[in-house]
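S.K.: In the working numbering, the protein residues as written are 26 to 282. Dropping the structure in here first, questions after.
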Amino acid sequence: MSRPVSHLGEAALPLFEPDEAQPAPVAGTKARLPSYIKDHRARLRERFMSGGAAALPDYEMLELVLFRAIPRQDVKPLARRLLDRFGDFNGVVSASPERLTEMHGVGAAVVQELKIVEAAAHRLSRARVIGRRVVSSWDALLDYCHTTMSHRETEVFRVLYLDRKNTLIADEAQAEGTVGHVPVYPREVVKRALELGASALILVHNHPSGDPTPSHDDIEMTRRVRDAAAALEITLHDHIVIGKSREVSFRADGLLG
């Protein structure tokens, strides 16, 4: 889940930071987009509309996002610098505003566009799983978890609440911790399940290190949640640990006991 960035949307913020500022047009003239930039942007948009995202590498997809934030500059160098720093498209849009603004050329307008894309991605992936049976949408569920959590810089603990038909009725972030730890309170998890009328749970958390191998603390915490839930006839279906490029399922690996 992304950190709130509502302060970035205030109308008082300038469209450009100083290092993005454009020279003022000469009096009586209208600022024009240089023809080589205009033509490049038109070609990229045409390729995207005709071939979709698959037709563009990450840096060109990122350029499309940056066009709105920086309307009169060549944004390719910035797109490449962002990818060098954050690894891939998902890493860029998921990066915190604080880390993004450390980059030369990234001001409020750029951060706004990237956070809008991130929020849209989260909503779209969530819509594919909420209200659906987990068994029939398992791959979509894993995609959603990776989209929202794989690039987080701190550990986040989420709980997916299911009804008697194993339909996902709620997805909630319960806690956020540090790079290597997140506090989990089994009683709070079970209490919330009762409030929602949930019959089953799936726990999800991420490992910012990128390695999803469960730790001893992960296994012990899972046991405590399982026992607290079982006392109230609530089933713990799984605990999924999200890494950078893969995940570990406690159920698949025989770790639920």
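Ideal Cβ placement from N, Cα and C applies to all residues, glycine included. Remember, predicted model here, so these are calculated numbers, not experimental data.
1) Tell me, to the nearest whole angstrom, how far the beta carbon of Glu127 is from that of Arg93; I am working on the premise that it is less than 8 Å.
2) Given this structure, state the Cα-to-Cα distance separating Tyr84 from His129, to the nearest angstrom.
3) For the alpha helix (DSSP H) containing Leu125, list its first residue and its last residue.
4) Whole angstroms is fine: what's the gap from Asp99's alpha carbon to Met86's?
5) According to DSSP, is Ser8 part of a helix, a strand, or is it coil?
6) Helix, strand or coil: how does DSSP classify Gly53 here?
7) Pull up the CB-CB distance for Ala253 and Pro211, whole angstroms please, since I reckon it's below 8 Å.
8) Would you kindly work out how many angstroms separate the C-alpha atoms of Ala133 and Ala200, rounded to a whole number?
9) For Leu226 versus Leu261, is the C-beta distance shorter than 8 Å?
10) Check the Cβ-Cβ distances between Leu69 and every residue of chain D, and say whether any is below 8 Å.
11) With a threshold of 6 Å on Cβ separation, who are the neighbours of Lys55 within its own chain once the five nearest residues in sequence on each side are excluded?
12) When you compare the CB positions of Phe275 and Pro237, do they come within less than 8 Å of one another, or not?
13) As a quick exercise: from Val159, Pro102 and Leu221, pick the residue whose alpha carbon is nearest that of Asp263.
M.R.: Well, looking at it:
1) About 22 Å separates the two Cβ atoms, so there is no contact after all.
2) Roughly 17 Å separates the two Cα atoms.
3) Start and end: Pro122 to Leu125.
4) Each residue's alpha carbon lies about 14 Å from the other.
5) In the structure as shown, the chain begins at 26 and stops at 282. Residue 8 is therefore absent and cannot be evaluated.
6) Here Gly53 scores only 45 on pLDDT, less than 50, and its place in the model should not be relied on; the value that follows carries that caveat. The answer is coil: DSSP assigns Gly53 none of H, G, I, E or B.
7) Right, the Cβ-Cβ distance comes to about 4 Å (below 8 Å), so this counts as a contact.
8) So the two alpha carbons sit approximately 28 Å from each other.
9) With a cutoff of 8 Å on beta-carbon distance, Leu226 and Leu261 are scored as near each other.
10) Looking for chain D here will not work: only one protein chain is present.
11) Note that Lys55 has pLDDT 49, beneath the 50 cutoff, so the model's placement of it is unreliable and the number below is only indicative. Excluding positions up to five away in sequence, the list is empty.
12) Against a cut-off of 8 Å, the Cβ pair of Pro237 and Phe275 comes out as no contact.
13) Answer by Cα proximity: Val159.
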